[in-house]
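So the sequence shown is residues 7 to 242, counted in our numbering.
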Amino acid sequence: MSALLELKKISVHYGMAEAVRGVSFALAEKEIITLIGANGAGKSTILKAISGVKKPTVGEIWFQEERIDKLSPEKIVARGIAHVPERRRIFPYMSVHDNLKAGAYLRKDSEIGPDLENVFHHFSILKQRLGQMAGTLSGGEQQMLAMARGLMAGPHLMLLDEPSLGLSPLLVMEIANIAVEINKQGVGIILVEQNAALAFRLAKKAYVLETGNIVLEGDTAELLNDQKVKEKYLGI
Ligand SMILES: Nc1ncnc2c1ncn2[C@@H]1O[C@H](COP(=O)(O)OP(=O)(O)OP(=O)(O)O)[C@@H](O)[C@H]1O
Ligand SMILES: [Mg+2]
7 MSALLELKKI SVHYGMAEAV RGVSFALAEK EIITLIGANG AGKSTILKAI
57 SGVKKPTVGE IWFQEERIDK LSPEKIVARG IAHVPERRRI FPYMSVHDNL
107 KAGAYLRKDS EIGPDLENVF HHFSILKQRL GQMAGTLSGG EQQMLAMARG
157 LMAGPHLMLL DEPSLGLSPL LVMEIANIAV EINKQGVGII LVEQNAALAF
207 RLAKKAYVLE TGNIVLEGDT AELLNDQKVK EKYLGI
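Pasting the structure below:
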């Protein structure tokens, strides 16, 4: 089976500084993979390169057998990649409903109703809060809104950047369960997490980054048997 997404030796620079160095990996249809690593390792930069927000300086990115690394972020969303960035960048002064509609800006009007129903299926709390200004939602609700807005684009692939950040253990579980449900509907997921234990539970494969390089990769089930990995990345 061909890959849903493939990164071929991409490097990304900020000015002269190389944040990502020759990174390659592939994601199959409907797969969940995780990128883990310390602060500044390059995880968010890789997601930005995939969604087109930050262009790679070297290498290629392919999605559904089309090269996408030269496309605009809008075109990449239209191809089916939804990026849910770090720190839940919702529109705080807009209602929950308007935030959701903003996520669907490339969709046909006829698709928005069913998309909203799908979002409420996963995030029932948002249905009760449609008229509320998004900035007044709790941290957990804002994370749900950020993911829900991504889902409104009808993606085949979601890029989730640290969805668990700052949430209580109970909410982390809830968000994790929702990610699994979304995946079961056929959406591939790249999960960036500092919470490696959580990431390993959800993902089939893990890629460990250090200063822009992949230093370790493998099936999470196998990596969990590796004592060094457990000590260094999972703290167990
Ligand atoms: N806009 C920017 N301008 C200059 N350098 C940047 C910019 N964004 C990121 N960097 C640098 O690129 C490197 C990778 O950053 P990135 O945000 O991808 O790391 P990360 O793995 O997501 O870290 P974190 O876990 O803290 O979110 C870091 O050294 C960072 O300082
Ligand atoms: Mg980051």
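A virtual CB, placed ideally from N, CA and C, is assigned to each residue, including glycine.
Nothing here was measured: the structure is a model prediction, and the numbers come from that model.
Check	Outcome
Per-residue burial, G43 [other beta carbons within 10 Å of its own, 16 or more giving buried]	buried
Inside the segment 10–56 only - beta strand (DSSP E) runs reaching at least 3 residues	11–20, 23–33 and 38–43
E228: first and last residue of the uninterrupted alpha helix (DSSP H) it sits in	T226 to L229
Secondary structure of A159, DSSP reduced to three states	coil
CB contact flag (I196, L165, <8 Å)	yes
Assigned exposure category for H127 - 16 Cβ within 10 Å defines buried	exposed
Per-residue burial, M179 [other beta carbons within 10 Å of its own, 16 or more giving buried]	exposed
Per DSSP, the bridge partner or partners of E72	F69
DSSP state of Y99 mapped onto helix, strand, coil	coil
Buried versus exposed call for E213 [16 or more other C-beta atoms within 10 Å across all chains shown]	Position check: residue 213 holds Tyr in this sequence, whereas Glu was assumed. Buried is the call here.
For review: beta carbons within less than 5 Å of any heavy atom in ligand 1	Y20, A25, N45, G46, A47, G48, K49, S50 and T51
Limits of the unbroken alpha helix (DSSP H) element including K211	From DSSP, K211 is part of no alpha helix (DSSP H) but of the beta strand (DSSP E) over K211 to E216.
Three-state secondary structure assigned by DSSP to A154	helix
Rounded separation between L122 and P91 - CA only	21 Å
G109 versus L157 - alpha carbon distance	8 Å
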